[in-house]
Amino acid sequence: MLIDLPLHWIILLDIAAWFIFHMVISLGCMKIPDAWYAKTESFYQPFAWEKNGELWQRLFRIKDWKRKLPEGSSIIKSSYNKKQLHGTDKQTFEKFIIETKRAELTHWLLMPPAFVFFIWNPLWAGIVMVIYACVVNIPFILIQRYNRPRLERVKERKHKINSSNQKRA
């Protein structure tokens with residue numbers, strides 16, 4: 012702890028800091044153009060060991076709880092609602108995939124600020140903040156890493172079907 016504050020100020024500062032971090036990072040990631048997410052592939056590609064997201068289902072049973080977590084659009088109304096697909100056309104799948112990338116990046120970026128809390132919190136509370144950041148953000152990252160490969164497969168299938176239909180016409 013570099014700054015010594017009374018407990019009530021620490022609690023208020025912790026709440027305010029988390030709110031500010033969440034809003035600034037979320038709104039910042041929303042400002043990044045869709046085109047950037049569309050062309051940024053390597054960071055979002057599933058690793059071979061993830062088995063296209065199936066590892067996360069096997070280990071954490073994501074399908075059982077993913078719908079119980081809050082959706083960002085319930086807090087930031089202008090954001091894209093990922094609770095359900097908004098259509099079945101290729102463009103809808105592409106937009107949804109972009110939004111999974113945006114959500115994953117947002118949740119990755121929300122974890123490092125936890126280390127700032129060591130400045131005014133005692134060591135034990137700083138550790139609690141790091142744990143909080145991981146517990147709150149990792150489930151959302153796993154959901155994106157589970158959903159995106161499935162969405163990519165459906166999008167590719169639709170593309171192949173459309174291509175073969177166009178060849179016949």
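Going by our numbering, the letters in the sequence shown line up with residues 12 to 180, in that order. Note that CB positions come from ideal geometry on N, CA and C, so glycine has one too.
How is residue i classed by DSSP in three states: helix, strand or coil?
i	result
histidine 19	helix
leucine 162	helix
isoleucine 14	coil
Run the CB neighbour count on residue i, radius 10 Å, all protein chains shown included, and call it buried at 16 or more, exposed below.
i	result
arginine 78	exposed
serine 53	exposed
cysteine 145	exposed
glutamate 163	buried
Thinking C-alpha only, which one of the options is nearest residue i?
i	options	result
lysine 169	Asn158, Thr103 and Trp135	Thr103
glutamate 61	Arg161, Val165, Gly39 and Ile172	Arg161
methionine 12	Ile36, Ile130 and Arg156	Ile130
isoleucine 14	Met140, Val141, Ile154 and Asn132	Asn132
Under 8 Å between C-beta atoms, does residue i make it to chain B?
i	result
phenylalanine 104	Included in the structure is just one protein chain, with no chain B present.
Next item on the list: Taking only runs that begin and end inside the segment 78 to 141, name each unbroken alpha helix (DSSP H) of 4 or more residues, in chain order.
Entry: 101 to 120
Item checked: the segment 30 to 46 touching the segment 118 to 126, judged by at least three CB pairs closer than 8 Å -> Taking 8 Å as the limit for Cβ pairs, the verdict is that the segment 118 to 126 does touch the segment 30 to 46.
Check: Which full runs of the alpha helix (DSSP H) of 4+ residues lie inside the segment 41 to 65, going along the chain?
Finding: 45 to 50
Notebook entry, point to check: Is the segment 14 to 27 touching the segment 67 to 84 in the sense that three or more CB pairs, one from each, lie closer than 8 Å?
Noted result: no
Notebook entry, point to check: Is the segment 106 to 116 touching the segment 37 to 46 in the sense that three or more CB pairs, one from each, lie closer than 8 Å?
Noted result: yes
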